[in-house]
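Here the structure is laid out as structure tokens; the discussion comes afterwards.
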Amino acid sequence: MLEIKRYNPKYKEDVRKVCLNTAYDTAYEPVERNYLLNSYCDYYINNEPDTCFVAVDENDTAQGYVICAPDFERYKKLVKPYVIQGKKSGFDHYYEGIAERSVLRLFSKNYPAHFHIDINEGFQSMGVGSKLITALFEQLENKKVKGVMLTTGSGNTQAINFYKKHGFKTLILFGPAIVMGKKLR
1 MLEIKRYNPK
11 YKEDVRKVCL
21 NTAYDTAYEP
31 VERNYLLNSY
41 CDYYINNEPD
51 TCFVAVDEND
61 TAQGYVICAP
71 DFERYKKLVK
81 PYVIQGKKSG
91 FDHYYEGIAE
101 RSVLRLFSKN
111 YPAHFHIDIN
121 EGFQSMGVGS
131 KLITALFEQL
141 ENKKVKGVML
151 TTGSGNTQAI
161 NFYKKHGFKT
171 LILFGPAIVM
181 GKKLR
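Residue 81 in this note's numbering sits at position 81 of the sequence shown; the count goes up by one each step and never skips.
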């Protein structure tokens, strides 16, 4: 059974491993690794630790996480060094990131928070994701955040159904991705 804990820097390498483990097959290749960690992990754990949670096993190893930027305007200002690092991964990834942030910006007034959630294979479908986002939503509500959004693959029906179960609605479909949002207040 996994325990949900607030993020602590001692889990940094565990979280980075989960990010790569749950991505695509080439995630550990240097260029892909750089892109994934700069785009979907490091900003959040370095700048927004109070809205990050981990699911740890009996050895206190993080096997999953939810990491969140609670304020899109703050995120826009602080993410630039990570974007520059990610740009080193090539222009395809660079433009993917710009497109994703541009679409999120469209909804940031009503859904200022956005998050990423990943759980290692073998620890999925055990209620861990629900526990992680419940912890996140409680923290966001305490911070008076009015809404939260995310992107996922438009063909990822398992994830889409999970988010719908937790009250998310489709905001927009763009390319191979879908943006979903949930009002918190």
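Quick reminder that beta carbons are idealized off the backbone N, C-alpha and C, glycines included.
A quick note: this is a predicted structure, and the numbers were derived from the prediction, not measured.
Sub-7 Å separation of residue 64 and residue 128 beta-carbons: yes
From 116, 141, 185 and 175, residue whose alpha carbon lies closest to that of residue 159: 116
Neighbourhood of residue 72 by C-beta, 6 Å cutoff - its chain only, sequence neighbours within 5 removed: 108 and 112
First and last residue of the uninterrupted alpha helix (DSSP H) at residue 186: The shown model of the chain, from 1 to 185, leaves out residue 186, and the question about it has no answer.
Residue 22 versus residue 105: straight-line alpha-carbon distance, rounded: C-alpha of residue 22 to C-alpha of residue 105: approximately 26 Å in a straight line.
Between the CA atoms of residue 185 and residue 37 - distance to the nearest angstrom: 31 Å
CA-to-CA distance, residue 126 to residue 76, given in whole angstroms: 34 Å
Residue 157: CB within 6 Å of a non-hydrogen atom of the ligand HEM: Summarising the ligand content, the structure contains no ligands, and the ligand HEM is consequently not present.
Nonlocal neighbours in the same chain, by C-beta distance under 8 Å from residue 41, ignoring five residues either side: 15, 16, 19, 67 and 116
Residues bridged to residue 119 [DSSP beta-bridge criterion]: Per DSSP, the beta bridge partners of residue 119 are 64.
Three-way DSSP call (helix, strand, coil) for residue 155 in this model: Note: residue 155 maps to coil in three-state DSSP.
Cβ neighbour criterion (16 or more within 10 Å) applied to residue 118: buried
Reference residue 136, options 151, 24, 114 and 153, closest by Cα: 114
Boundaries of the alpha helix (DSSP H) in which residue 72 is found, first to last residue: 72–78
Among 133, 154 and 142, nearest to residue 182 - alpha-carbon criterion: 133
Backbone CA spacing between residue 82 and residue 32 [nearest angstrom]: Between residue 82 and residue 32, the C-alpha separation is close to 14 Å.
Sub-7 Å separation of residue 49 and residue 140 beta-carbons: no
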